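Residue numbers (the working numbering), protein chains in the order written: chain U, 1 to 194; chain L, 1 to 194. For glycine and all other residues, C-beta sits at the position ideal for the given N, C-alpha and C. Quick caveat: nothing in here was measured; it's all calculated off a predicted structure.
Number of protein chains: 2
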Amino acid sequence: MDITPRQLEIIESAGKILTSSGVSGLTIKNLAKEMQFSESAIYRHFKSKEEIILAMLEYLALTIDERLQNAIRATDEPDAKFTTMFQSQFAFFENHRYFVVAVFSDGLLKESQSINEAILKLLGIIVKNLFPILLEGQQKGVFSNTVPFEDLMYILMGTFRLQMFRWRLEDFQFNINETGNKMIQSVLTLIKNK
Amino acid sequence: MDITPRQLEIIESAGKILTSSGVSGLTIKNLAKEMQFSESAIYRHFKSKEEIILAMLEYLALTIDERLQNAIRATDEPDAKFTTMFQSQFAFFENHRYFVVAVFSDGLLKESQSINEAILKLLGIIVKNLFPILLEGQQKGVFSNTVPFEDLMYILMGTFRLQMFRWRLEDFQFNINETGNKMIQSVLTLIKNK
DNA sequence: ATTAAGTAAGTGAATATTCACACACAAAGA
DNA sequence: TCTTTGTGTGTGAATATTCACTTACTTAAT
């Protein structure tokens, strides 16, 4: 299932609307207005509203996964990988604020089973990329072994998500690259063996 | 602005609906059905749907604050206070699952300015109660000074929120008291001075 | 000549809210 | 002890608006 350029435009418009008006603002009418064409034209490119959201989540999953893999592959030691991974994440959302709401909206679009699954899949991609880093780090003794492996992961992901949440709540006023990476360094300090 | 028993019933019904059907399910019609009376009867007790949500958030803020204060006052050392506080939180939401969606829905109900403020206020209550514990802990040397004070707070709140999020995503299948407290102990292990 | 991509104008269903009205009960005046 | 009046809480029907989506038609490019 390839995505056409026009579909990508629509997906980006959807993200834009989500950011500015929340879920309740994401209507076909608003989407058409943002795209500067009629409501019915939307249906030339997507079968339904649900498919638009699904395409958005899938597109996000794909690009995030690719980017993370590349970023991680380019570095060496666990703690460097760790830093790189989150730097890459913050930088991405800095450049694609549109999607912050979509990704961190906590099952906001709960009404549909397949949307719920797509959100879970997106969460799984972070796990998939973070997992081997933490594992390697603990095995090499770079990261603390005093707490279980999964707990480290949840602490990290929770911290990351909260930063994104705050950033959005405060209308992207602060520098997420700076603030976010500082936070991640603090976590790194805590989980590193001294 | 005191809350009548009938209003509290409606608030609880609203929470119930939020949990089972998400935001999109919280309609006056569903609310009336849950209350077993007509839609118009709702308006005998609340001026609008927005006021119902606001009342719910305010009620939550009040009860959470009271409970946390009592729980914390009853204990002594920073790390014990710390544990007690989160135990109390997990236990509360175990007994009031209804409200998990409302509190952790991340600006789900973003459409209204006053609702947004109410959610921020709720967040502030956790901060208000956690703040002095961490401060005292760092001053007494119980908690690590290697990372800034606010960072500790964000790590904690992020971890807590993520647990609640996972719990809801997995339909309350796991024991949040057990899992949550275990998580919090892991964080405690990391931030404690050895 | 076929196809892709647009439009105008509609559809029924759902939405929050309001309306006039009804019933039970309590206080107060006769 | 009736009767009046007010109040709290309910009802069913109707309101205007918004929703996702459909149909029939046009236009432009290949």
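- For U:F86, the uninterrupted alpha helix (DSSP H) run begins and ends at 78-95, by DSSP.
- Any Cβ of chain L closer than 8 Å to the Cβ of U:G141 would place that residue at the interface, and such an atom is absent.
- Residues of the same chain with a CB within less than 6 Å of the CB of U:S48, apart from the 5 flanking positions on each side, do not exist.
- With the rule of 3 Cβ pairs closer than 8 Å, the segment 27-44 of chain L does not count as touching the segment 62-74 of chain L.
- Here U:T146 is not near U:V187, since their CB atoms are 8 Å or more apart.
- U:F131 sits in a helix when the DSSP states are folded into three classes.
- The beta carbon of U:D151 sits closer than 8 Å to some beta carbon of chain L.
- Contact check for L:A14 against L:L60 fails: the beta carbons are separated by 8 Å or more.
- For L:F99, the three-state secondary structure derived from DSSP is helix.
- Assignment of U:K47 by DSSP, reduced to helix, strand and coil, places it in the coil class.
- If you check the CB distance, U:F143 and U:N193 come in under 8 Å.
- Rounded to the nearest angstrom, the Cβ distance from U:I119 to U:A55 is 14 Å, too far for a contact under 8 Å.
- Going by C-alpha positions, L:T4 is about 12 Å away from L:R44.
- Per DSSP, reduced to three states, the secondary structure at L:F172 is coil, with no helix or strand assignment.
- By the rule that beta-carbons nearer than 8 Å mark a contact, U:S48 does not touch chain L.
- The contact set of U:I191 on chain L, defined by CB atoms closer than 7 Å, consists of L190 in chain order.
- For U:I3, there is no enclosing alpha helix (DSSP H), as DSSP marks it with neither H nor E.
- Cβ-Cβ distances below 7 Å link L:T19 to R97, Y98, V100, V101 in the same chain, with the five nearest sequence neighbours on each side left out; the list follows chain order.
- Residue pairing by DSSP places U:K192 opposite U:F143 in a beta bridge.
- Classified as exposed, L:G141 has fewer than 16 neighbouring CB atoms from the shown chains inside 10 Å of its CB.
- A direct Cα-Cα distance of roughly 13 Å separates L:K182 from L:T84.
- DSSP places U:A14 in the helix class (H, G or I) of the three-state scheme.
- Taking all protein chains in view, the Cβ of U:R161 is crowded by 16 or more other Cβ atoms within 10 Å, so the residue is classified as buried.
- U:Q36 sits in coil when the DSSP states are folded into three classes, being neither helix nor strand.
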